[in-house]
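Inspection log for the structure reproduced underneath, given as structure tokens.
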């Protein structure tokens, strides 16, 4: 069984090593899963470099989410599950960048076997993140505006799709004007380009409206600007830091307009939420993936053996879709 | 009757004009107050320059708080109140930088006639702000740490005193090392000086502890640094912007440690809180002022005629106490 292993934090292209490991055996309450598809997420790249929110003990398995088939079950698990296509509920411990993995039966959520396994493999992190970002911080009435930065990311596109389904409007900030048409096509109500005239663009897009919620994956000055357009008492939720800069808010917006800034980390939510609630969320989103309402563009797939190319590709600026490992 | 009036936003030393106005008459439910003392607050200076959270219609009366004696009452008000020393509940409309003012009876909170009128005149804004900053955002257990910037301000000193009364420890960030001894004398548990080694100073002061709540009057980089020392899920409350810089927080603290940033504006609280609750708060704090538990240093007092000198003095960096108008 081949597995991609991290022995020391470092560059994504050089730090992980592909090794041959002993075959896995599912224990009591566990299932053995043969992977079919596993995406490379920005958080994986952060983890490899050691800059993620937690550093796993080394050596560490890599890959946080994926889809596969149950190929064996341990004691106490009904063998009827063998053959099921399942989503692996994300944790740091699993490791999905390997031919097979053993997980607890409860972390194997059945998904539609007829749906696209590439799309399903991306369901564990980004669509759930988008769903929780939209639901957890503010009650959004139909017609309300959600503003978001990094709108062309996978999460950004899922936010657009889920907002559309809820009748909520999205104001999308991107860094490259050439992606605007594509975002409008997937349902964006307005697209603006970050830059010195962002304030004017926001005013033109919003008219007399204000933004009810800001979702920020970029941080830095763009947050300062969006805060000016928030409703009184509105919240900015930080879930990424593409710019590397701190999130900056004018004290005038904090004090006089009761603007609030906080963060969201899916890992913490998964660790503190009852598993039935987690499975319910995935079940609801898996239906939207299966029926095509939720999908993210795929830029390339690689076998595990080409991990250096795959990780270099995933780290490139200007990608237009996700990079995944497939089997 | 002399009144200091603002006809156009501008410099505090030149924009306000002292004019002779017609005598005031209290209407139904109102009282006429002869001012005894009225402080100059940083928010007054912001308002004069036009940079406050709201711009009053011009010409505008100035001064948001003060203490005086009821000298006449309107219809429906019990004449027994004539002679009472009262605190004027702050609003933008009153104007306390004038010989007399008319206010609603409910905005005249009786205070101890034997207590120092200078100290009482400063009760309306800063002590209530300090009290609400400590009570409204987090439940602070005895022994918990509160971190604050601008600790040598009037609010900062009231925070130290009120925290002490509640058994809460204060970690105080100041810009000038020479004020540290004085803050320790009034009850500060730790004083650190902002600068490049702030992180080391915080580590030395806190040991293995973390801060439960940060109160920020300065904004800028110091907020970024204090956020690193907050407990998981801890809140930073912005109520001032002495540095003029935006409040900056690392997305890592927001996302991975659930740090939250928000603001507090006393004016909004006063406008949205039942008047009985407001009077209860002032009554409780007035007792602490009368018995000496709460006091702020006074640097100078001026008659209204010397308003240019008074406002220039209030705007000076490096003051060690409040500047007030007295009659």
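Chains as they are written, first to last, in this note's numbering: chain V, 3 to 329; chain B, 3 to 329. Backbone N, C-alpha and C fix where the C-beta goes; we use that ideal spot for every residue, glycine too. Keep in mind that this is a model prediction, so the values were computed, not measured.
| query | Going along the chain, which unbroken runs of the alpha helix (DSSP H) with 4 or more residues stay wholly within the stretch 76-115 of chain B? | reply | none
| Coarse secondary structure for residue 318 of chain V, derived from DSSP in three states | The sequence position of residue 318 of chain V within the first chain is 316, counting from 1. Coil at residue 318 of chain V, not helix or strand.
| query | Does DSSP put residue 271 of chain V in a helix, a strand or coil? | reply | For the purposes of this step, residue 271 of chain V is taken as the residue at position 269 of the first chain. Residue 271 of chain V: helix per DSSP, three-state reduction.
| said: Along the chain, where does the beta strand (DSSP E) containing residue 18 of chain V start, and where does it finish? | reply: The residue given as residue 18 of chain V occupies position 16 in the first chain. That run of the beta strand (DSSP E) goes 18-22.
| Cβ of residue 226 of chain B less than 8 angstroms from any chain V Cβ? | To locate residue 226 of chain B, count along the second chain from 1; it is residue 224. With 8 angstroms as the cut-off, residue 226 of chain B counts as an interface residue toward chain V.
| At what residue ranges does the stretch 232-308 of chain V contain a whole run of the alpha helix (DSSP H), taking only runs of 4 or more? | 253-259, 268-274, 277-292
| task | Report buried or exposed for residue 254 of chain B, applying the criterion of at least 16 other Cβ atoms within 10 angstroms of its Cβ. | result | As a first step, residue 254 of chain B is located in the second chain; it is residue number 252 there, counting from the start. With 16 or more Cβ atoms within 10 Å of its Cβ, residue 254 of chain B is classed as buried.
| query | Which whole-angstrom value is the C-beta distance of residue 249 of chain V and residue 218 of chain V, which I expect to be below 8 angstroms? | reply | Here residue 249 of chain V refers to the residue found at position 247 when the first chain is read from its first residue. Here residue 218 of chain V refers to the residue found at position 216 when the first chain is read from its first residue. Indeed they touch by this definition, with Cβ atoms about 7 angstroms apart.
| request: Identify each residue in the stretch 260-276 of chain B for which the Cβ-Cβ distance to at least one residue of chain V is less than 9 angstroms, and report them in chain order. | output: 260, 261, 262, 263, 264, 265, 266, 267, 269, 270
| residue 171 of chain B (DSSP reduced to helix, strand or coil) | For the purposes of this step, residue 171 of chain B is taken as the residue at position 169 of the second chain. Residue state, collapsed to three classes: strand.
| message | For residue 26 of chain B, tell me which candidate among B:216, B:319, B:96, B:292 has the shortest Cα-Cα distance. | response | Here residue 26 of chain B refers to the residue found at position 24 of the second chain. Nearest C-alpha to residue 26 of chain B: B:96.
| query | Closer than 8 angstroms, CB to CB, is residue 44 of chain V near chain B or not? | reply | Numbered from 1 along the first chain, position 42 holds the residue referred to as residue 44 of chain V. Taking Cβ atoms only, chain B never reaches closer than 8 angstroms to residue 44 of chain V, which makes this a no.
| query | On the three-state DSSP scale, how would you describe residue 137 of chain B? | reply | Taking the first residue of the second chain as position 1, residue 137 of chain B is located at position 135. Helix at residue 137 of chain B.
| query | Name the chain B residues that come within less than 9 angstroms of residue 139 of chain V, Cβ to Cβ? | reply | One-based indexing of the first chain puts residue 139 of chain V at position 137. Within chain B, no residue comes near residue 139 of chain V; the closest Cβ sits about 11 angstroms away, beyond 9 angstroms.
| said: Here's the rule I'm using: 16 or more other beta-carbon atoms within 10 Å means buried, otherwise exposed. How should residue 124 of chain V be labelled? | reply: Along the first chain, read from residue 1 onward, the residue named residue 124 of chain V stands at position 122. Result: buried.
| query | residue 189 of chain V touches chain B at which residues, Cβ-Cβ below 9 angstroms? | reply | Numbered from its first residue, the first chain carries residue 189 of chain V at position 187. Near residue 189 of chain V there are no residues of chain B at all, since even the closest Cβ is about 26 angstroms away, more than 9 angstroms.
| said: Please classify residue 21 of chain B as buried or exposed, where buried requires at least 16 other C-beta atoms within 10 Å of its C-beta. | reply: In the second chain, residue 21 of chain B corresponds to position 19, counting from 1. Exposed: under 16 other Cβ atoms inside 10 Å.
| task | Could you tell me the distance, in whole angstroms, from the CA atom of residue 132 of chain V to the CA atom of residue 160 of chain V? | result | To locate residue 132 of chain V, count along the first chain from 1; it is residue 130. To locate residue 160 of chain V, count along the first chain from 1; it is residue 158. One C-alpha to the other measures close to 6 angstroms.
| Is residue 202 of chain B buried or exposed, if buried means 16 or more other CB atoms sit within 10 Å of its CB? | Reading the second chain from its first residue, position 200 is the one you call residue 202 of chain B. Under this definition residue 202 of chain B is an exposed residue.
| Unbroken beta strand (DSSP E) run spanning residue 7 of chain B, endpoints | Taking the second chain and counting its residues from 1, the one referred to as residue 7 of chain B is at position 5. Note, residue 7 of chain B: beta strand (DSSP E), 4-8.
| message | 8 angstroms is my cut-off, CB to CB: does residue 213 of chain B come that close to chain V? | response | Counting from 1 along the second chain, the entry for residue 213 of chain B is found at position 211. It does not; no Cβ of chain V falls within 8 angstroms.
| message | Considering only the alpha carbon of each residue, which of V:85, V:215, V:272, V:101 lies closest to residue 171 of chain V? | response | Numbered from 1 along the first chain, position 169 holds the residue referred to as residue 171 of chain V. That would be V:215, whose Cα lies nearest to the Cα of residue 171 of chain V.
| request: Please confirm whether residue 190 of chain V and residue 153 of chain V have their CB atoms less than 8 angstroms apart. | output: Walking along the first chain from the start, residue 190 of chain V turns up at place 188. Walking along the first chain from the start, residue 153 of chain V turns up at place 151. Yes; because the gap between Cβ atoms is below 8 angstroms, this pair is in contact.
| said: Please list, in chain order, the chain V residues whose beta carbon lies closer than 7 angstroms to that of residue 57 of chain B. | reply: Against the second chain, residue 57 of chain B aligns to sequence position 55. Going along chain V, no residue has its Cβ under 7 angstroms from residue 57 of chain B, so there is no contact; the nearest lies around 11 angstroms.
| query | Helix, strand or coil: which one does DSSP assign to residue 214 of chain B? | reply | Indexing the second chain from 1 puts residue 214 of chain B at position 212. It is a strand residue.
| query | Does the separation of the CB atoms of residue 76 of chain B and residue 32 of chain B fall below 8 angstroms? | reply | On the second chain, position 74 is the one that residue 76 of chain B refers to. On the second chain, position 30 is the one that residue 32 of chain B refers to. Yes, the pair counts as a contact, with Cβ atoms nearer than the cut-off.
| Assuming residue 28 of chain V contacts residue 37 of chain V under a Cβ cut-off of 8 angstroms, what Cβ separation, rounded to an integer in Å, is found between them? | Position 26 of the first chain, counted from the first residue, corresponds to residue 28 of chain V. Position 35 of the first chain, counted from the first residue, corresponds to residue 37 of chain V. Actually they do not touch by this definition, with Cβ atoms about 15 angstroms apart.
| field | Three-state secondary structure (DSSP) of residue 72 of chain B | value | By one-based count along the second chain, residue 72 of chain B stands at place 70. Residue state, collapsed to three classes: strand.
| Is the beta carbon of residue 14 of chain B less than 8 angstroms from the beta carbon of residue 47 of chain B? | By one-based count along the second chain, residue 14 of chain B stands at place 12. By one-based count along the second chain, residue 47 of chain B stands at place 45. Going by C-beta atoms, residue 14 of chain B is nearer than 8 angstroms to residue 47 of chain B.
| task | Please report the residue range of the beta strand (DSSP E) in which residue 41 of chain V lies. | result | As a first step, residue 41 of chain V is located in the first chain; it is residue number 39 there, counting from the start. From DSSP, the beta strand (DSSP E) with residue 41 of chain V extends over 32-42.
| said: On the criterion of 16 or more Cβ atoms from any shown chain inside 10 Å, does residue 204 of chain V qualify as buried, or is it exposed? | reply: As a working mapping, residue 204 of chain V is identified with position 202 in the first chain. Buried.
| Bridge partner(s) assigned by DSSP for residue 220 of chain B | For this step, residue 220 of chain B is matched to residue 218 along the second chain. Its beta-bridge partners do not exist; DSSP assigns none.
| query | residue 241 of chain B touches chain V at which residues, Cβ-Cβ below 7 angstroms? | reply | Reading the second chain from its first residue, position 239 is the one you call residue 241 of chain B. Result: 257.
| task | Report yes if the C-beta distance between residue 73 of chain V and residue 88 of chain V is below 8 angstroms; otherwise report no. | result | Residue mapping note: residue 73 of chain V aligns to position 71 of the first chain, counting from 1. Residue mapping note: residue 88 of chain V aligns to position 86 of the first chain, counting from 1. Not a contact, by the Cβ cut-off of 8 angstroms.
| request: Provide the residue span of the beta strand (DSSP E) that contains residue 56 of chain B, from first to last. | output: What you label residue 56 of chain B is simply residue 54 of the second chain in a count that begins at 1. Counting along the chain, residue 56 of chain B falls outside any beta strand (DSSP E), and DSSP gives it neither H nor E.
| Out of curiosity, what's the CA-to-CA distance linking residue 241 of chain B and residue 317 of chain B? | Along the second chain, one-based indexing puts residue 241 of chain B at 239. Along the second chain, one-based indexing puts residue 317 of chain B at 315. In a straight line, the C-alpha of residue 241 of chain B is about 18 angstroms away from that of residue 317 of chain B.
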